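Novice:
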Amino acid sequence: MPEGQKSPSERLANIERKLIAFGHQTTSNFTVFRMVERVAASITSQPFKQSTPASRGWILPQTSQSTPGRWVEAKAKLQAGYCFHSGAAAPPPTGPGMSFVPLMSLSQRTLSWNRPSLTRGKRPQLGSQQMGGTCVVGKSSRRSHLFDVKDLDPATALLQNVFPLQTGMKERPPEGLKLEGSKCKGQLLIFGATNWDLIGRKEVPKQQAAYRNLGQNLWGPHRYGCLSGVRVRTVVSGSCAAHSLLITTEGKLWSWGRNEKGQLGHGDTKRVEAPRLIEALSQEVIVLAACGRNHTLALTETGSVFAFGENKMGQLGLGNQTDAVPSPAQIMYNGQPITKMACGAEFSMIMDCKGNLYSFGCPEFGQLGHNSDGKFIARAQRIEYDCELVPRRVAIFIEKTKDGQILPVPNVVVRDVACGANHTLVLDSQKRVFSWGFGGYGRLGHAEQKDEMVPRLVKLFDFPGRGACQIYAGYTCSFAVSEVGGLFFWGATNTSRESTMYPKAVQDLCGWRIRSLACGKSSIIVAADESTISWGPSPTFGELGYGDHKPKSSTAAQEVKTLDGIFSEQVAMGYSHSLVIARDESETEKEKLKRLPEYNPRTL
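Residue numbering for the sequence shown is 1 to 604, as defined by the UniProt record's numbering.
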C-alpha cells in the first residue's frame, strides 16, 4: 500500500520499525535513543522555553495549523530517537548533553530553523506549517532527511549526515575527583619578540598606538625580574598567540602579553608587559591552560573550565557571541569533569575524564569535527559561519581505505588533544592518531591537502609497535612521538618550501628522548635529554635562543648553546617567542640561572 494511503498508526509503526532496525548503541556518556511518539500521548502545547537536562527534549506538535511557531515540551523522559543533522543552527542548549531539535513530518517535509531569527536571538520559527499526526525528533536544515534508514550502513549514514541524538542523560561524575598539575618545578626563561602589539603585524593597530611599545627582541634566554622567588610548573602559549600564561606550583594563573580582546583575564584590554596574577581566579587551583589567537581557557583541579578573551565565533563556549569577555567566565558545560583542552585560532577543544571530546567555536574547514564547515550565505557576496556556541561532542571517527571507502572507527577513547591554527590532532587509548580540519600543506598527514570534516585516522600509527605516545600541533604542521621514541613530522614550517604530506621521521632528532616540544608560527623548540634544541626558517625574532651574535635562523635542528648546563623541564612557544621552565633544584643549577640576564620591562 502506498505510504500516503496508510493510516497514521500504520505509518507510525513503519517509521518506528525502520528506526529500530538502525540499531541501539551506548557510549560512556550518552545513550543513543530511538523515538517516534504520538504527540497526544506524551506532550502538551506550551510556548517555547528551555528544558532541564537529563529528563526532557524538544519536539513539535504536528496536530493542526492553529499553533504554528509554538513549541512543546516532552513530559516523559525520551526513550528513543535519532537526530538527523546537517550542520543547521539550533537554539542555545543548557549544556553539551542537551539537544534542541525541530521536527520532520511523515510527509518527509522538514521543519527547519529560521536562521535570521536565530542570529537576532529570537525564538525559532517554523520552516514549514504543514501538519501531520505524528512526529520524529531530528535537527536539519534540509527537506529530505527522513531516510529509509533500514539499509543504511554506518559509512553511508556518515555521508548522509545521520548522527545520534545526544540527550542530557549522563553518568554521575567521579566523587572527590581532583586533577593534578604538572610535576615540573623551576624558573621561567623567555626569549624572542616581546613587542606584543606588533607581533605578526606590519604596524600597531590604531587603538593600541596610544600605548608605547615597550618590548624588544630578546635573542637569548632571559629571566623575568618580577618572578624572583616564584616557582613555575607550567608555561603556556600558542602557535598563533601573542600572549602567554604560567601556572605556579601553588596553582595560581599569571598572564601577560597582547590583551586587545581581554585574553589576559584582568578585566580590561590593556597590554601587560610582564607576568601578572589573574586576581579573578586567585581562589581557584589551576592545573592546565590553553591559548588561542585572542582567547584563553583555564582548567581547575575540579574539572571546571573558565574562558576569557575574544568570543566573536563562540570560542569561549558561553552560549553567545560577543566581541570580548575580559574577565574569566565558566563555560556552559554540565557533563563529566574536563581533564584536557586545547585552542586553535578561533575554536576550542575540551576532553572529559571518560575520553569524550567536545568542540566549540568557528567551524571553518570542518575544524570542529562535526562533518560540516558551517558556511552559509548571509547576504549577497557575504559568507558567514554557523558557530558552535557551547561544547558539542565529536561523535564520529573514521578511516579511509585505499579504494576510498569510508569506515567508522568504533570505541575511540581520547587521551590527548592538540590544536594548530585550523586543525586538530587527537591521541586515543590505543595509541592511534586522528586529524581533521584544514588540510593545506599536508598538516593532516593523509598524503593529500583535502580538508577533513570529521576525525580521520592517520594510518602510519595504526600498526603494532608503531603507535604514538605524544602529539603536538603547530601553525601549519604536526608532530608525534612514537611509542619507541621516534619523532615524526608532517606539514610545513616554511610554506615557501615543499610540504611533507605524510608523517616522516625527523632524522636530526633520531635517538633523542623527547620530553617536551612546542611550535610557533614557523619555529620549533624541543626539550630532549639534557639539551634544548630549536630550529626555524627566517625571519625569526629571537625565539630560537641562539644569542646576540649568532645566526638568527636555522633550517636544521641545533642545540641552544645559551642554555648549556640548564635542564629544560618544559618548553612553550607563541607566535614568535619561546618560554622555558628551567630546573633550579641544585646549587649549580641556581648559579647558572643567575648568570643569565634579567629582563625587567617597564610597566605602562
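For each residue, glycine too, the CB sits at the ideal point set by N, CA and C.
Keep in mind it's a predicted model, so treat the numbers as computed, not measured.
What residues match up with M349 in a beta bridge as DSSP calls it?
Specialist: Bridge partners of M349: A342, S359.
Novice: Can you name, in chain order, every residue of its own chain whose Cβ lies under 7 Å from the Cβ of C419, other than the five neighbours on each side?
Specialist: Contacts found: A342, C343, G344, M349, A473.
Novice: Rounded C-beta distance between S244 and W256? I'm assuming under 8 Å.
Specialist: Contact holds; Cβ gap of about 6 Å.
Novice: Which runs of the beta strand (DSSP E) at least 3 residues long sit entirely within the segment 490-540? Give them in chain order.
Specialist: Qualifying beta strand (DSSP E) stretches, in chain order: 500-505, 514-519, 524-528, 531-536.
Novice: Less than 8 Å between the beta carbons of F347 and Q315, yes or no?
Specialist: Cβ distance < 8 Å, so F347 and Q315 count as in contact.
Novice: With a Cβ-Cβ cutoff of 8 Å, do L425 and I471 count as a contact?
Specialist: For L425 and I471, yes; Cβs fall inside 8 Å.
Novice: As an exercise, report each continuous beta strand (DSSP E) stretch of at least 3 residues that is fully enclosed by the segment 425-471, in chain order.
Specialist: Counting only runs of 3 or more, we get 433-437, 452-457.
Novice: Would you check if the distance between the CB atom of H446 and the CB atom of G437 is smaller than 8 Å?
Specialist: No. Outside cutoff.
Novice: Terminal residues of the continuous alpha helix (DSSP H) containing W588?
Specialist: One detail in the question is off: residue 588 reads as Thr in this sequence, not Trp. From DSSP, the alpha helix (DSSP H) with T588 extends over 587-594.
Novice: Kindly examine the ligand SAH and report whether one of its heavy atoms sits closer than 7 Å to the Cβ of G437.
Specialist: The ligand SAH is not part of this structure, which contains no ligands at all.
Novice: Taking C-beta to C-beta, are H222 and I247 nearer than 8 Å?
Specialist: Against a cut-off of 8 Å, the Cβ pair of I247 and H222 comes out as no contact.
Novice: What residues in its chain sit with their C-beta under 7 Å from that of Y224, if we drop five residues either side in the sequence?
Specialist: The answer, listed in chain order, is L188, I190, A274, P275, Y599.
Novice: What is the residue span of the beta strand (DSSP E) that A421 lies within?
Specialist: A421 -> no beta strand (DSSP E), and no H or E assigned at all.
Novice: Provide the residue span of the beta strand (DSSP E) that contains C477, from first to last.
Specialist: Looking at the DSSP string, the run of the beta strand (DSSP E) that includes C477 is 477-482.
Novice: Which one of N217, K183, R201 has the shortest CA to CA distance from D548?
Specialist: Nearest of N217, K183, R201 to D548, Cα basis: N217.
Novice: For C291, which of helix, strand or coil comes out of DSSP?
Specialist: In the structure shown, C291 sits in a strand (DSSP, three-state: E or B).
Novice: So for K561, helix, strand or coil by DSSP?
Specialist: The answer is helix: DSSP assigns K561 an H, G or I state.
Novice: Whole angstroms is fine: what's the gap from A298's alpha carbon to D403's?
Specialist: Cα-Cα distance, rounded: 43 Å.
Novice: Helix, strand or coil for E569, going by three-state DSSP, please let me know.
Specialist: Strand at E569.
Novice: Which residues does DSSP pair with L579 in a beta bridge?
Specialist: In the DSSP output, where bridge partners are listed per residue, L579 has I190, A572.
Novice: Using the C-alpha atoms, what's the distance from S576 back to A74?
Specialist: Confidence at A74 is low in this model, with a pLDDT of 27, below 50, so the placement of that residue should be treated as unreliable; the coordinate-derived value is given next. Going from the Cα of A74 to the Cα of S576 covers about 53 Å.
Novice: Do three or more CB pairs link the segment 386-393 to the segment 304-322 at distances below 8 Å?
Specialist: Touching, per the Cβ criterion.
Novice: For S117, count neighbouring C-beta atoms within 10 Å of its own C-beta (all shown protein chains included) and say buried if the count is 16 or more, exposed if not.
Specialist: Low local confidence applies: a pLDDT of 30 at S117 is under 50, so the model's placement there is unreliable, and no value is given.
Novice: Nearest CA to the CA of G565: which residue from L227, V458, L596?
Specialist: Checking every option, the nearest Cα to that of G565 belongs to L596.
Novice: Tell me which residues share the same chain as T588 and place their Cβ nearer than 6 Å to its Cβ, disregarding the 5 neighbours each side in the sequence.
Specialist: Excluding sequence neighbours, T588 sits near nothing in its chain.
Novice: Are the CB atoms of A324 and G265 within a distance shorter than 8 Å?
Specialist: No. Outside cutoff.
Novice: Using the three-state DSSP reduction, which class does F397 fall into: helix, strand or coil?
Specialist: In the structure shown, F397 sits in coil (DSSP, three-state: anything other than H, G, I, E or B).
Novice: Pick helix, strand or coil for G366, following the three-state DSSP scheme.
Specialist: DSSP places G366 in helix when its eight states are reduced to three.
Novice: Classify F463 as buried or exposed, calling it buried when 16 or more other Cβ atoms lie within 10 Å of its own Cβ.
Specialist: Its Cβ having fewer than 16 others within 10 Å, F463 is exposed.
Novice: Taking just the CA atoms, how far does F488 sit from M501?
Specialist: So the two alpha carbons sit approximately 12 Å from each other.
Novice: How about S523 and S516: are their beta carbons less than 8 Å apart?
Specialist: Their beta carbons are not under 8 Å apart, which means S523 does not touch S516 by this criterion.
Novice: Locate the beta strand (DSSP E) running through S255, then write down its first and last residues.
Specialist: 253-257 is the span of the beta strand (DSSP E), which, as asked, contains S255.
Novice: Between the C-alpha atoms of G181 and G251, what's the straight-line distance to the nearest angstrom?
Specialist: Those two C-alpha atoms are separated by around 8 Å.
Novice: Which stretch, first to last residue, makes up the beta strand (DSSP E) that contains N311?
Specialist: Where N311 is concerned, the enclosing beta strand (DSSP E) stretches over 305-311.
Novice: How big is the Cα-Cα spacing for residue 682 and S435?
Specialist: Beyond the ends of the chain as shown, which are 1 and 604, falls residue 682; an answer cannot be given.
Novice: Using 10 angstroms around the beta-carbon of C510, count the other beta-carbons present and answer buried if the total reaches 16, otherwise exposed.
Specialist: The residue in question, C510, is exposed, as its Cβ has fewer than 16 Cβ neighbours within 10 Å.
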